[in-house]
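Read the structure below first, then the notes.
Numbering (UniProt numbering), first residue to last: 1 to 52.
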């Protein structure tokens, strides 16, 4: 089963607390949170992975 990543936005002006990124195919090993952007504010440097 493809992985799921939980990500939170730390921008104080953004109302999004977290989102899940569901992968449906294999991703390169070097793909990470830094390759994503917040779906609400569009920020990239404000995202952090949530480790369970």
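Every residue gets a Cβ at the ideal spot worked out from N, C-alpha and C, and that includes glycine.
Query, Result
"Proximity of residue 7 and residue 21 at Cβ, strictly below 8 Å", "yes"
"Residue environment, residue 47, which counts as buried when at least 16 other CB atoms sit within 10 Å", "buried"
"For residue 35 and residue 44, the rounded distance between their alpha carbons", "8 Å"
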